[in-house]
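**Q** Shown below is the structure under consideration.
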Amino acid sequence: MSKNFDEIFDECVDRINRGEGLKECLASYPEYAEELEPALRTLLHVRDACSFSPSADAKMKAKRQFQAALGKLEQ
2 MSKNFDEIFD
12 ECVDRINRGE
22 GLKECLASYP
32 EYAEELEPAL
42 RTLLHVRDAC
52 SFSPSADAKM
62 KAKRQFQAAL
72 GKLEQ
């Protein structure tokens with residue numbers, strides 16, 4: 002039974018989430034590579050954007066700003 006695009010896309014997402022590279026996944030499905038690549042690259046960009054974590058300095062600055070704002074409210 003041949004796989005459809007959605008099944009192949011899901012499989013590639015799983016493989017990438019387990020640490021496999023984009024190129025390896027695309028190489029497994031050369032007949033779908035042209036369609037898969039932009040979809041998988043979008044997935045990677047969204048995943049990277051969602052995993053953003055501010056630096057320790059940024060966290061400290063935000064904490065100080067928050068505490069200063071609280072201090073103003075208490076006055």
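In my numbering, each residue's number is its place in the sequence shown (first place is 1) plus 1.
For glycine and all other residues, C-beta sits at the position ideal for the given N, C-alpha and C.
Keep in mind the model is a prediction, meaning the values are calculated, not measured.
Just to confirm my understanding: we take ALA40, look at its own chain, exclude 5 residues before and 5 after, and list those with CB closer than 7 angstroms. What are they?
**A** Only PHE10 meet the Cβ criterion.
**Q** Here's the rule: buried if 16 or more other CB atoms are within 10 angstroms of the residue's CB, otherwise exposed. What is LEU37?
**A** buried
**Q** Would the beta-carbon of LEU1 fall within 7 angstroms of that of ALA34?
**A** Any property of residue 1 remains undetermined from this structure, which presents the chain solely from 2 to 76.
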